[in-house]
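**Student:** With the first letter of the sequence shown counted as 1, position 79 gets the number 76 in the numbering used here; the numbers rise by one all the way through. Quick reminder that beta carbons are idealized off the backbone N, C-alpha and C, glycines included. Since we're looking at a predicted model, the values are computed, not measured. Please see the structure below; I have some questions.
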Amino acid sequence: MAFSGLHVVCGFAGSLFARDKSQAILGKISWTEAPATGVTSTNAAPDANDGAGQPLFRIRAAADSYVSIGSSPNSAANPRFLVAAATDYDIYVQPGDKFMWQAA
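The following block contains the structure:
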């Protein structure tokens, strides 16, 4: 089945171990979600963690899409950003942030 819509992985920017030797782009994963367009995510970014690092969203869309991130995101208004199709976007987020998307 072909990928459609938009998929987000929420994880941490950092390794649980050996953080003094390297920095992982995406470390421990907290959750994943692929909501319908125009719907705020049900999951929110977790609190920062000394062992795991700062939370981030990794976003991938099947088609060019606008994405908004925040406590009350609105992908139809600014601030929002363009996510080009078939490209991973890593965005640092604040604890409690959610996301919303819509086709460009």
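Quick one: grab the DSSP three-state call for ARG77.
**Tutor:** Residue state, collapsed to three classes: coil.
**Student:** Could you give the DSSP three-state label for LEU3: helix, strand or coil?
**Tutor:** Of the three classes helix, strand and coil, the one that applies to LEU3 here is strand, per DSSP.
**Student:** Which residue wins for smallest C-alpha separation from SER1, given the options ALA33, PRO52, LEU23?
**Tutor:** Ranking the options by Cα distance to SER1, first place goes to ALA33.
**Student:** Leaving out five residues before and five after GLN51 in sequence, what residues of the same chain have Cβ atoms less than 6 Å from its Cβ?
**Tutor:** Excluding sequence neighbours, GLN51 sits near ALA10, ALA45, TYR89.
**Student:** Can you find the residues in the same chain that come closer than 7 Å, C-beta to C-beta, to ALA104, ignoring five residues on each side of it along the sequence?
**Tutor:** Summary: the structure shown does not reach residue 104, with the chain confined to residues -2 through 101, and so no result is reported for it.
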